[in-house]
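Novice: I have a structure I would like to understand better, so I am pasting it below and will then ask my questions one at a time.
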Amino acid sequence: MMKCKTLLLLCCSLLCCQVIWAVTLKGKITDPKGEAIPFATLQVSGTSNGTAANEDGYYVLRLPEGKATLVVRMIGYKPTYKTLMVSNSTETLDIVLEEESKELTEVTVKANAEDPAYAIMRQVIAQKSKHSKAIKTLEADVYLKGKLLMRDIPKSFFGVKIEEKDAADMQKDLMLDSNNRGILYLLEQMTHYTYKAPKSTYNEVKAIKTSGDPKGLGFAQMPAIVNIYENNVSLLSGIGSRGFISPAHNNAFFYYRFRLLQSYMDNGLMIHKIAVIPKREFEPLFRGTVYVVEGDWVFQQVQLSLDKRAQMEMLDTLVFEQQYRKTEDSKLWVIQQQIMYPYMSILGFKFSGDFVTNYGNMVINKPVNEKLFSSKIISTYDPESLSRDSSYWEQQRPISLSTEEQTNYHKKDSAAQIIQKMRDSLGPPSSRRLDLVSFLTMGAYIRKGHHEFGLSGLLNQVGYNTVEGLYTGLEPYWQYNPHKGDMVKLIANNRYGWANQQYQYMYTAQYAHEDTTRTDKGWKVQLSGGRYVFQINPDNPISAPWNTSVSLFYGANYMKLYQASIGRLNFENRWGNGLSLSADLRYEDRSPMENHTDYTFYQKRRGEFTPNNPPELPAFEAHKAAIATISLNYQPGWKYIQYPHQKAAVKGNAPLFGLSYSKGIAGIMGSRSDFDRWTVSIKDEFSMKLLGNIRYNVLAGGFLNKRYVGNPDMYHIMGNQTILSGQYLNSFQLAPYYRFSSIPSLYTEMHAEWHFNGWLTNKVPLFKRLNWHLVAAGNLMYINQNQYYGEYSVGLENIGFKFMKVLRVDLVAGYEQGKARPNYGLRLGLSGIFSTLK
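Going by our numbering, the sequence shown opens with residue 14, and the numbers climb by one from there.
As structure tokens, then:
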């Protein structure tokens, strides 16, 4: 009897579903000339049910039987209302939208009178705070369709003509048509989005489909609902570090001119179409059109664009559109659709894209699941998100696929299946890299199953210094990955100095374990031993390749070395949640080294090399040292994304705190080292919006006990005496390498940079067109009133082309105790992610 009831209930449920969504409405949205209108929105009046047309203008909308009123909108066209009775399972309704200019009357403003747009925008600005606070909670089903297209390929590349055969091969590999056009990337994603004021969000990814990539993870956090009412608007990462100034900024009239273009009635509402015009070029400003609802004083539609005149990076142009709708109770305006159209050209390759985000099934200001915000997880993936079949997508996607998108899915998914079958038939992968270039630079290897045998790049093992002269080395290794997450590695570093005729060697064994369920957890233990050469400053203020160049071409030997027979045990552990620990135990038998050659290509400087023992330091004494060090780092505020098979960490915005303690242990195997040293540090970066961003690194430390401190264990600053900049926020750009080395009871270092990110330089004619940015920095070391050093610098960064705007030039002034005049110097460096390469 119970089984019969269950079956009856199931049948009733299925019947109800068919009744509720009994009709499928299809059609095409065009202009009067029959041209398709892409991404026009359709909304069933009085409900949250809606959809949008695809790029070909076609739409599909599921409706209940009965009477329905459709509201069809697209920016630049007059809104259209269609009331119809639906009864058949499938009906067709084509819709024609009239252009605004044909139906609306332009506004005429008398001479010397203020344009009415200013009074309207004053109301928008005055009311925006009330509107932003009106939404306390929000839930929505969010659909994203993102697409990146190739629009054309160059006829030549770096001045070399691309032959027809090469162009044809490129077309085939990228699946382009005869016009060099095609889809490079296609993604669909369904996410349930939950928001709680003021800033809590949670994403549950329901489904993902990536063309040609069955494992593609899409966007763990859906493209944010861009709040165009905020003073400072952020659209996409990397295109504008200062953000962009909203037309609804509190001081919008300082940045923009507004012009009322048209006013018209839309379903009983007066809509004002207003042109947004920047007052100045090369400011982070939008240009375009906004539609304002009189009385509510909100945006109904927004169509804005950014280009190089707005100091936008990476992209050439970005068009941004939003459409809003009034909720069923007619109290609030909420987002309905958001579209971004990026355009860019790189070395003759032309790209474009469209990223459409559609918001449906909204629930506003109703209780939400508070547990979603109590954990550190901000996004999760449904276990079946990567395996949804075509029937799921046919039912769920609110925007149907275009013909081109369907073809792209078919071709790339088929190719991916063929490749996967080939991989499965071949068994475990094996590969090798044994070409000459690899041997010399990146390194050569043979990989078979879980084993890898390799040799580090030979050029990386060749160099020159005044102690060893020319040195050459060989670094073979063996790596074994028994299973996912574990790695065993043996490294044999061999090196011979031809001037001092000494062989150095260092053998290392590593075992590393990575937590396969979390990206921020893992540990590594390393045991090494041998006899090798080390810089007296263990922080290595000058790299070996750069020292080679400076010694040979400039005749300066800044690298100072000592030799040690060493045994070392090191342990590193990443506990997760922003917490990490490292412990190091080492024993060294240290010996001084001397120069054995004065060879340099710069003959005028020959014989001017300085002794290997820096004159600022005591004479290097041969001694044994046993030293233990423990370090702890912590950054609060880490969050997590729960992918189908792994939890990925998202770093917090809080400062990074560091603590380190070193102990020189006397008496162990003849160790003379006897000291206690501590260090604390704090690093952070924060945005000042239009004024750029600030980065700083502050540290303090000292010696609690200094009975015996060898030269390598002293306090050394990261000096720099070469034209290339030292590591920013960690070094002093003009300070001699060892002049301030000492054993203080207390010392302090402060490093800070202010990256203007285009502010001020956008007022200088040449710089604003090149989009070079001003940067100011300061570095200070203080021990006492008789021992301190400080420097400040002013420079330009963001120098370069397109994605390679990485050059930086600084003019530095250094102030040293006891000197009446500062030292000046010019430093060249790399900014951004390349700033630590030297």
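Glycine residues also receive a C-beta, built at the ideal position from the N, C-alpha and C atoms. Here the structure is a predicted model, which is why all the values come from computation and not from measurement.
Does the beta-carbon distance from SER365 to ARG164 come in below 8 Å?
Specialist: As a first step, residue 365 must be located in the sequence shown, where it is residue number 352. As a first step, residue 164 must be located in the sequence shown, where it is residue number 151. Taking 8 Å as the Cβ cut-off, SER365 and ARG164 qualify as a contacting pair.
Novice: Closer than 7 Å by C-beta to THR485: which residues in its own chain qualify, once you throw out the five before and the five after it? Chain order, please.
Specialist: Counting from 1 along the sequence shown, the entry for residue 485 is found at position 472. Excluding positions up to five away in sequence, the list reads GLN474, VAL475, TYR509.
Novice: For chain C, check one thing: does any of its Cβ atoms lie closer than 8 Å to the Cβ of LEU598?
Specialist: Absent from the structure: chain C. Only one protein chain is present.
Novice: Mind checking who MET283 pairs with in its DSSP beta bridge?
Specialist: Translated into the one-based positions of the sequence shown, residue 283 becomes position 270. Answer by DSSP bridge pairing, in chain order: MET278.
Novice: Starting from VAL563, follow the alpha helix (DSSP H) in both directions and report where the run begins and ends.
Specialist: The residue you call residue 563 lines up with position 550 of the sequence shown. Unbroken alpha helix (DSSP H) run through VAL563: 557-567.
Novice: Taking all protein chains shown into account, do 16 or more other C-beta atoms lie within 10 angstroms of the C-beta of ASP342, making it buried, or fewer, making it exposed?
Specialist: Against the sequence shown, residue 342 aligns to sequence position 329. So ASP342 ends up on the exposed side.
Novice: Given this structure, state the Cα-to-Cα distance separating PRO605 from LEU843, to the nearest angstrom.
Specialist: Against the sequence shown, residue 605 aligns to sequence position 592. Against the sequence shown, residue 843 aligns to sequence position 830. Going from the Cα of PRO605 to the Cα of LEU843 covers about 35 Å.
Novice: If you draw a straight line from the C-alpha of ASN666 to the C-alpha of GLY498, how long is it?
Specialist: The count along the sequence shown starts at 1 and reaches residue 666 at position 653. The count along the sequence shown starts at 1 and reaches residue 498 at position 485. Going by the C-alpha atoms only, they are around 28 Å apart.
Novice: To which residues of the same chain is MET278 closer than 7 Å at the C-beta, ignoring the five residues directly before and after it?
Specialist: One-based indexing of the sequence shown puts residue 278 at position 265. There are no such residues.
Novice: Quick one: using the 10 Å Cβ neighbour count with 16 as the cut-off for buried, is TRP785 buried or exposed?
Specialist: By one-based count along the sequence shown, residue 785 stands at place 772. Under this definition TRP785 is a buried residue.
Novice: My output table needs one value for ASN625: the three-state DSSP class, helix, strand or coil.
Specialist: Counted from its first residue, the sequence shown places residue 625 at position 612. Looking at ASN625 - three-state DSSP - the assignment turns out to be coil, as it is neither helix nor strand.
Novice: Quick one: residues in its chain with C-beta nearer than 8 Å to the C-beta of ALA65, no 5 flanking neighbours on either side, listed in chain order?
Specialist: To locate residue 65, count along the sequence shown from 1; it is residue 52. Closer than 8 Å at Cβ, skipping near neighbours: PHE52, ALA53, THR54, LEU55, TYR72, GLN350, VAL369, ASN371, PRO411, ILE412.
Novice: Would you call the CB atoms of LYS286 and TYR268 closer than 8 Å?
Specialist: Indexing the sequence shown from 1 puts residue 286 at position 273. Indexing the sequence shown from 1 puts residue 268 at position 255. No. Outside cutoff.
Novice: How far does the alpha helix (DSSP H) with PRO129 in it reach, from first residue to last?
Specialist: For the purposes of this step, residue 129 is identified with residue 116 of the sequence shown, where counting begins at 1. Element bounds for PRO129: 129-147.
Novice: Take TRP588 and list the residues in its own chain whose beta-carbon comes closer than 6 Å to its own, dropping the five residues that flank it on each side.
Specialist: If you number the sequence shown from 1, residue 588 lands on position 575. Excluding sequence neighbours, TRP588 sits near nothing in its chain.
Novice: Does THR43 come out as helix, strand or coil in the three-state DSSP assignment?
Specialist: The residue labelled residue 43 in the question sits at position 30 within the sequence shown. Three-state DSSP puts THR43 in a strand.
Novice: My output table needs one value for TRP406: the three-state DSSP class, helix, strand or coil.
Specialist: Residue numbering aside, residue 406 sits at position 393 when the sequence shown is read from its first letter. Looking at TRP406 - three-state DSSP - the assignment turns out to be helix.
Novice: Can you look up ILE432 in the DSSP assignment and give me helix, strand or coil?
Specialist: Residue mapping note: residue 432 aligns to position 419 of the sequence shown, counting from 1. Helix.
Novice: Say whether the stretch 633-645 touches the stretch 682-690, bearing in mind that this needs 3 or more beta-carbon pairs closer than 8 Å, one atom from each stretch.
Specialist: Contact holds: three or more Cβ-Cβ distances are below 8 Å.
Novice: Which same chain residues, not among the five before or five after TYR356, have their C-beta less than 6 Å away from its C-beta?
Specialist: Locating residue 356 in the sequence shown gives position 343, counting from the first residue. So the qualifying residues of the chain are ASP329, THR330, SER365.
Novice: Cα separation between SER593 and PHE584?
Specialist: Here residue 593 corresponds to residue number 580 of the sequence shown, with the count starting at 1. Here residue 584 corresponds to residue number 571 of the sequence shown, with the count starting at 1. Going by the C-alpha atoms only, they are around 11 Å apart.
Novice: Pick out whichever of SER100, ALA126, VAL109 has its Cα sitting closest to the Cα of TYR94.
Specialist: Counting from 1 along the sequence shown, the entry for residue 94 is found at position 81. For TYR94, the nearest C-alpha among the options comes from VAL109.
Novice: Quick one: which unbroken alpha helix (DSSP H) runs of 4-plus residues sit fully inside the stretch 255-333? Chain order, please.
Specialist: The qualifying runs are 265-268.
Novice: Specify whether the stretch 172-184 and the stretch 214-227 touch according to this definition: at least 3 beta carbon pairs, one from each stretch, less than 8 Å apart.
Specialist: Contact fails: fewer than three Cβ-Cβ distances are below 8 Å.
Novice: Please classify GLU601: is it buried, with 16 or more other beta-carbons within 10 angstroms of its beta-carbon, or exposed?
Specialist: The sequence position of residue 601 within the sequence shown is 588, counting from 1. Per the 10 Å Cβ criterion, buried.
Novice: Using a 10 Å radius around the Cβ and a threshold of 16 neighbouring Cβ atoms, would you call ASP154 buried or exposed?
Specialist: Within the sequence shown, the letter at position 141 stands for residue 154. Buried: at least 16 other Cβ atoms inside 10 Å.
Novice: So, with DSSP's three-state summary, where would you put PHE386?
Specialist: Locating residue 386 in the sequence shown gives position 373, counting from the first residue. It is helical.
Novice: Please state whether DSSP places ASP182 in a helix, a strand or coil.
Specialist: Mapped onto the sequence shown, residue 182 falls at position 169. Reduced to three states, the DSSP call for ASP182 is helix.
Novice: So, ASP533 versus ALA662, is the Cβ gap smaller than 8 Å?
Specialist: Position 520 of the sequence shown, counting from 1, holds the residue named residue 533. Position 649 of the sequence shown, counting from 1, holds the residue named residue 662. Their beta carbons are under 8 Å apart, which means ASP533 touches ALA662 by this criterion.
Novice: Kindly list the residues whose CB is nearer than 6 Å to the CB of GLU307, restricted to its own chain and excluding five residues on each side of it in sequence; keep chain order.
Specialist: If you number the sequence shown from 1, residue 307 lands on position 294. Once the five neighbours on either side are set aside, the close Cβ partners of GLU307 are MET283.
Novice: Within the same chain, show all residues whose beta-carbon is closer than 8 Å to that of LEU187, passing over the 5 residues directly before and after it, in chain order.
Specialist: To locate residue 187, count along the sequence shown from 1; it is residue 174. Once the five neighbours on either side are set aside, the close Cβ partners of LEU187 are MET163, GLY195, LEU197.
Novice: For PRO355, does the three-state DSSP call read helix, strand or coil?
Specialist: Working through the sequence shown from its first residue, we reach residue 355 at position 342. Strand at PRO355.
Novice: Considering only their Cβ atoms, is the gap separating ILE643 from TYR674 smaller than 8 Å?
Specialist: By 1-based counting over the sequence shown, the position of residue 674 is 661. By 1-based counting over the sequence shown, the position of residue 643 is 630. Cβ atoms of TYR674 and ILE643: closer than 8 Å.
Novice: Would you mind sorting TYR837 into buried or exposed? The rule is 16 or more other CB atoms within 10 Å of its CB.
Specialist: Reading the sequence shown from its first residue, position 824 is the one you call residue 837. TYR837 is exposed by the Cβ-count criterion.
Novice: Can you round the beta-carbon distance between LEU759 and GLY803 to whole angstroms, since I take them to be within the 8 Å contact cut?
Specialist: Translated into positions along the sequence shown, residue 759 becomes position 746. Translated into positions along the sequence shown, residue 803 becomes position 790. Not confirmed; about 17 Å, so no contact.
Novice: When the Cα atoms are used, what is the spatial distance from ALA429 to GLN419?
Specialist: Within the sequence shown, the letter at position 416 stands for residue 429. Within the sequence shown, the letter at position 406 stands for residue 419. If I take the Cα positions, the gap works out to 15 Å.
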